[in-house]
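Residue numbers (UniProt numbering): 1 to 565.
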């Protein structure tokens with residue numbers, strides 16, 4: 001990434017950012033942007049000021065959140081944990097999630113957080129030397145916050161210096177709960193099943209190294225705290241800076257010694273157990289030889305936390321009672337409601353994820369809840385289209401089970417026409433000539449074929465002029481009473497106009513008339529795509545746009561992510 005070459009260019013970039021940061025349509029916001037304080041693949045974080053109270057805050061804009069379902073799930077999980085754990089002074093406080101103006105078409109999420117100017121990683125990499133009182137105060141706050149999290153039956157799973165924020169008063173806040181999990185096993189209240197990436201390697205517990213999936217306990221967070229504590233005592237140098245999983249495990253054994261058979265049994269990954277068995281036997285090194293300038297009680301606490309065997313590792317509560325900290329009373333957390341995370345039990349469509357995010361955002365804007373969650377009147381097709389992935393899945397299942405594949409949905413209108421044929425057969429007079437004619441019917445913007453036997457049914461096909469893209473209708477021969485329903489053409493024209501008017505966008509009706517369907521992207525993106533196509537450049541499509549193009553009718557979901565209507 002290119003950086004501004006001078007102060008003037010930097011000022012222009014900042015002014016442009018101030019203009020565009022809140023550009024996606026928001027119902028309202030009361031923040032004035034000041035500076036960029038962080039950025040990454042997720043988006044950008046800026047400091048801002050609440051124009052009503054004068055409070056300084058951090059606004060995190062998570063961009064294109066629905067582009068990848070795993071990232072959207074992680075973001076929603078973090079928002080829920082921050083709300084459920086917000087009452088502790090050592091956990092970052094979430095103040096607001098900005099409400100989008102359009103509940104059906106927002107892609108960015110704006111989270112307003114307590115402002116903290118720096119993190120522990122920057123402090124440890126700076127020339128600043130932490131004094132023993134500073135170290136004691138910081139590690140106390142870290143363990144106190146983790147104790148509250150663990151007593152709420154939550155595991156952080158990604159503790160590292162960059163996820164610990166600090167201000168000028170050395171107040172500490174734990175952040176980044178995107179990888180956190182809640183305990184769910186009633187028989188083993190501290191154990192859950194791990195299936196994804198946990199903790200940066202340098203701070204990862206030995207029982208997780210090289211693991212693809214394993215059960216774990218709150219001890220994994222305590223190991224991470226031990227590594228962070230050692231880094232503070234070691235002038236910012238990591239104690240186990242492994243280059244790969246094997247090297248990481250070797251470095252741990254070099255310091256902690258060869259684990260006992262019981263400790264090795266706690267390592268579920270067979271490759272890791274085999275690697276430990278091949279390593280030469282080593283005794284545990286006294287940590288006082290590595291941290292010669294540290295206080296003896298600090299080293300003693302560190303040794304009890306950096307235990308290879310997780311069952312012997314100090315818990316957060318035990319660490320707080322160690323003579324180094326001498327804390328008798330500390331605030332416990334309340335177990336969180338597991339139903340808050342029921343959404344993770346199944347996969348969701350983009351529309352369902354957007355509805356789940358809206359439900360979470362509205363917890364900060366209860367006054368708008370009834371307005372945003374009320375069903376929106378909208379037209380629907382008589383036959384809901386089936387998306388391509390579902391069609392592929394059904395076909396594969398049918399092939400696997402040896403059954404007939406499901407009937408293609410394009411032919412569904414024939415089922416409705418059957419009743420018309422029967423009615424025509426009983427009322428129509430015989431036609432003097434015999435002829436077979438195949439008409440074409442357009443349903444919901446897609447084409448299907450239907451064979452109409454004029455002789456047997458006494459009906460004829462009335463085809464609209466070839467220059468008009470309209471729906472054909474099947475009517476009885478002259479003298480036959482009408483079917484009693486409007487034509488497919490009239491019905492779908494009315495529904496199209498109703499869709500356009502319900503979308504609260506006057507431009508949509510024009511787009512529908514010109515294109516035959518609603519555009520899934522904004523006008524600026526459409527213009528860009530057209531220009532790119534003229535230049536021969538490939539058009540990059542978002543996942544949400546692809547999904548929109550695969551569906552002809554908008555799907556409404558309730559707060560639980562279930563389809564309604």
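Glycine included, each C-beta is placed from N, C-alpha and C at the ideal position.
Helix, strand or coil, according to DSSP, for residue 282 in the structure here? Residue 282 falls in the coil class under three-state DSSP.
On the CB-based measure, 16 or more other CB atoms within 10 Å of its CB, does residue 152 come out buried or exposed? A residue is called buried once 16 or more other Cβ atoms fall within 10 Å of its Cβ, and residue 152 is buried on that count.
When the distance is taken between beta carbons, is residue 27 closer than 8 Å to residue 101? yes
Check whether the Cβ atoms of residue 219 and residue 205 sit closer than 8 Å, and answer yes or no. yes
Tell me, to the nearest whole angstrom, how far the beta carbon of residue 56 is from that of residue 45; I am working on the premise that it is less than 8 Å. About 13 Å separates the beta carbon of residue 56 from that of residue 45, a gap too long to meet the 8 Å contact definition.
So, helix, strand or coil for residue 170, using DSSP? The answer is coil: DSSP assigns residue 170 none of H, G, I, E or B.
Please work out which residues of its chain come closer than 6 Å, Cβ to Cβ, to residue 109, disregarding the five sequence neighbours upstream and downstream, and give them in chain order. 62, 65
With residue 150 and residue 316 assumed to form a contact (beta carbons below 8 Å), what rounded beta-carbon distance in angstroms separates them? Between the beta-carbon of residue 150 and that of residue 316 there is about 5 Å, and that keeps the pair under the 8 Å contact cut.
Using only the alpha-carbon positions, how far apart do residue 592 and residue 304 sit? One cannot answer for residue 592 here, as it falls past the ends of the chain, which runs 1 to 565.
Among 234, 268, 338, 322, which residue has its Cα nearest to the Cα of residue 287? 234
Contact between the stretch 343-356 and the stretch 242-256 is defined here as three or more beta-carbon pairs at a separation below 8 Å; is this criterion met? no
Assign residue 272 to one of two classes, buried (16 or more other C-beta atoms within 10 Å of its C-beta) or exposed (fewer than that). buried
Beta-carbon proximity of residue 166 to residue 320, cut-off 8 Å: no
Use the C-beta contact count for residue 335: other C-beta atoms within 10 angstroms, 16 or more gives buried, fewer gives exposed. Result: exposed.
Taking the alpha-carbon of residue 313 as reference, which of 47, 263, 78 has the nearest alpha-carbon? 263
Among 13, 145, 33, whose alpha-carbon lies nearest the alpha-carbon of residue 333? 145
Does DSSP put residue 258 in a helix, a strand or coil? coil
Candidates 84, 141, 106, 177: which alpha carbon is nearest residue 169's? 141
Helix, strand or coil for residue 324, going by three-state DSSP, please let me know. coil
May I have the straight-line CA-CA distance separating residue 90 from residue 395, to the nearest angstrom? 52 Å
Need the endpoints of the alpha helix (DSSP H) that residue 355 sits in, please. 350-361
Report the option in 125, 203, 236, 82 whose CA atom is closest to the CA atom of residue 173. 82
C-beta contact flag for residue 269 and residue 80 at 8 Å: no
Residue range of the unbroken alpha helix (DSSP H) whose run includes residue 225: DSSP places residue 225 inside the alpha helix (DSSP H), whose first and last residues are 219-233.
Quickly, what does DSSP pair residue 118 with across the bridge? List them, please. 166, per the DSSP bridge assignment.
In three-state DSSP terms, what is residue 13? helix
According to DSSP, residues forming a beta bridge with residue 50: DSSP, once it has assigned bridges, lists 31 as partnering residue 50.
Give every residue of the same chain whose Cβ lies closer than 8 Å to the Cβ of residue 16, excluding the five residues on either side of it in the sequence, and list them in chain order. Cβ within range, chain order: n/a, list empty.
Please look up how many angstroms separate the CB atoms of residue 324 and residue 298, rounded, as I've assumed it's under 8 Å. 6 Å
For residue 392, is the classification buried or exposed, using 16 other Cβ atoms within 10 angstroms of its Cβ as the cut-off for buried? exposed
So if DSSP puts residue 110 in a beta bridge, which residue, or which two residues, is it bridged to? The partner list for residue 110 (beta bridge, DSSP) reads 61.
Return the bridge partner residues of residue 100 from the DSSP annotation. Paired residues: 26.
Between the beta-carbon of residue 341 and the beta-carbon of residue 77, is there less than 8 Å? yes
What residue does the alpha helix (DSSP H) around residue 305 start on, and which one ends it? Per DSSP, residue 305 belongs to the alpha helix (DSSP H) from 296-305.
Nearest-angstrom Cα distance between residue 88 and residue 147? 11 Å
Given this structure, state the Cα-to-Cα distance separating residue 67 from residue 117, to the nearest angstrom. Those two C-alpha atoms are separated by around 30 Å.
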